[in-house]
Amino acid sequence: MQAAAQILTLLMPLLSGGPAVEIDGNLGEWEERAFHDGVWDVHRVSQAPWFDAGKRNRLTKHAANEPAPEDDLAARYYMAWDAKYLYLGAEVRDNVNDVADPKHEDKRWYFKDAICWFIEAPRDAKPERFGEGDNAFCFVIDARKPAGYGAWWRHGNETRTYIEEPLRAADYAIRMTGRGGDFVLEARVDMAATFGKSSPAWRAPREGDEYSVEVVHTDPDGGAYGGHLMIWGNGDEDETWSPMRLAGPKLPVERRPE
Ligand SMILES: [Ca+2]
Ligand SMILES: [Ca+2]
Ligand SMILES: [Ca+2]
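Quick note on the numbering used here: the sequence shown kicks off at 14 and runs consecutively.
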């Protein structure tokens, strides 16, 4: 049974009035003003309405001394927008950084540690697989930022599906933060240069516009294909992606005095 009715519309805040975002691998200047909904790990994903046990949404075991699942992969994902850019961030706990793919091809981000935001802009009612308006912004978690494939763009347009090319219309930074493969990713994507090419129905962003979103977070850690968490959706079918509305600025979480 399709559980789409249980999926909430995510509200992505407008960044305005605060410090300018600097793409340097530190989210401090904007994370309080961005959308995020707490820590995701396999335990939480397995309770979500879009969870598809075992098929793609999974972690993998490589050795007897594998850490607990929440230490294998856990992350917060951040999103915000302004007149020109989509801002994407992640703070991640990952036990091993693995970006070595024996059968490397530029488009094979999903065989490496990577975070990929799948976004349809604008969202429409037509079920598609990387057709018109569907975009994937994929960042391989290789601190060397390899030219050509470090940032990748899979998308459709009015006549084609699964167009694969380097994501040139983005700035991004990766900062490895300590244990094993822990990292922070900070990125911004030029919307006109991406969404504008993917759908003639896209317009310069305004409050109230509706997109949809899914995060695909891959984690091979020495395996061939490896771990794979899907958040807010279930795969390439864009009708499974969660609605996401462009909202006004967000107020910081308030702590009340005792
Ligand atoms: Ca920053
Ligand atoms: Ca891992
Ligand atoms: Ca990893």
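Virtual Cβ for every residue (Gly too), placed ideally from N, Cα, C. Fair warning: this is a prediction, and the values are worked out from it, not measured in the lab.
Distance between beta carbons of residue j and residue i, contact taken as under 8 Å
i      : j      : result
Ala93  : Met25  : 6 Å
Asp54  : Glu79  : About 14 Å separates the two Cβ atoms, so there is no contact after all.
Glu250 : Pro140 : 6 Å
Gly246 : Glu227 : 3 Å
Val197 : Leu40  : 6 Å
Nonlocal neighbours in the same chain, by C-beta distance under 6 Å from residue i, ignoring five residues either side
i      : result
Leu242 : Val58, His230
Asp95  : Leu28
Ala149 : Cys129, Phe131, Arg167
Contact check, residue i vs residue j, beta carbons under 8 Å
i      : j      : result
Ala103 : Tyr123 : no
Ser211 : Met257 : no
Gly248 : Thr73  : no
Gly30  : Pro262 : yes
Top-ranked residue by Cα proximity to residue i, from the options
i      : options                       : result
Trp165 : Asp184, Gly235, Ala61         : Asp184
Leu23  : Ile132, Lys125, Glu42, Gly248 : Ile132
Leu264 : Ala134, Arg46, Thr207         : Arg46
Arg106 : Tyr100, Ala87, Arg121         : Ala87
Ile36  : Ala149, Arg136, Val202        : Val202
Leu273 : Tyr100, Tyr238, Glu267, Glu42 : With the chain running from 14 to 271 in the structure shown, residue 273 is simply not present.
Pro62  : Trp254, Arg269, Pro270        : Trp254
Cβ shell of residue i (< 8 Å), same chain only, five flanking positions each side left out
i      : result
Glu171 : Glu145, Ser212, Pro213
Gly161 : Asp119, Pro179
Lys125 : Asp111, Val112, Ala113, Asp114, Val153, Ile154, Asp155, Thr231, Pro233
Rounded separation between residue i and residue j - CA only
i      : j      : result
Glu252 : Phe152 : 23 Å
Gly194 : Arg157 : 14 Å
Ala186 : Ala200 : 6 Å
Ala81  : Gln60  : 18 Å
Val34  : Thr174 : 33 Å
Ala138 : Gly163 : 32 Å
Ala134 : Asp50  : 21 Å
Contacting residues, own chain, Cβ-Cβ under 7 Å from residue i (five flanking each side not counted)
i      : result
Asn70  : Val58, Phe64, His241, Leu242, Met243
Glu177 : Lys120, Arg167
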